[in-house]
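This report refers to the structure that appears directly beneath it.
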Amino acid sequence: MRNYDLSPLYRATVGFDRVADMMDRVLSADSAQPSYPPYNIEKMDENTYRISIAVAGFAEDELNVELRENALIVSAKKAEETEDKTYLHRGIATRAFERRFQLADHMQVTGATHANGMLNIDLTREVPEALKPRRIEISGTKVIEGKAK
């Protein structure tokens, strides 16, 4: 396992605590990242994204999508089965899970759909007008009666 020293980052920046803490958590993860359920993150265009999660075997009411403090939390819990079934082979995993995605500032969840065993979550980056770059017009100096203003 690699150890990274992030103390120069803490010494040279102000206000980036959340980013530094997130990097520290990612780099110091002791356990292997869970691979269930499989998912894709797709960039649709400049400001829209889609997270697709394979949730075969789960009904809509067994899935939960929640946004909490810039974290998108997707979880599922299968309802209790009342029938005793005998499986010769059980390859479809329907165990409970929780998957977290850390979202950047100004990311908004615009919708979620569940179809054909896939949960699709659409996200959009909505930067406020005050933070968007704007062009400042440069005006020339005016000369009135021999004086520059």
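Sequential numbering of the sequence shown, starting at 0, is according to numbering that gives the first Met the number 0. The beta-carbon is built from N, C-alpha and C at its ideal position, and this holds for glycine as well. Given the structure is predicted, the values throughout are model-derived calculations rather than measurements.
| task | Figure out for me which residue from 75, 127 and 122 has the closest Cα to the Cα of residue 45. | result | Comparing Cα positions, the closest option is 122.
| task | Taking the CB atoms as reference points, tell me whether residue 70 and residue 54 lie closer together than 8 Å. | result | No.
| query | So, helix, strand or coil for residue 6, using DSSP? | reply | Helix.
| With DSSP run on the structure shown, which of helix, strand or coil describes residue 138? | DSSP, read as helix, strand or coil, puts residue 138 in coil.
| Mind checking whether the beta-carbon of residue 106 lies closer than 7 Å to any heavy atom of the ligand COA? | Although the ligand COA was asked about, the structure shown includes no ligands whatsoever.
| Whose C-alpha, out of 117, 132, 63 and 115, is nearest the C-alpha of residue 95? | Of 117, 132, 63 and 115, the smallest CA-CA separation from residue 95 is found for 63.
| query | So, helix, strand or coil for residue 55, using DSSP? | reply | It is coil, neither helix nor strand.
| message | Which residues does DSSP list as the beta-bridge partners of residue 124? | response | The partner list for residue 124 (beta bridge, DSSP) reads 106.
| message | Using a 10 Å radius around the Cβ and a threshold of 16 neighbouring Cβ atoms, would you call residue 50 buried or exposed? | response | Counting every other CB atom within 10 Å of its CB across the protein chains shown gives residue 50 a total of 16 or more, marking it as buried.
| query | What residue range is occupied by the uninterrupted beta strand (DSSP E) comprising residue 71? | reply | Segment 70–75, the beta strand (DSSP E) holding residue 71.
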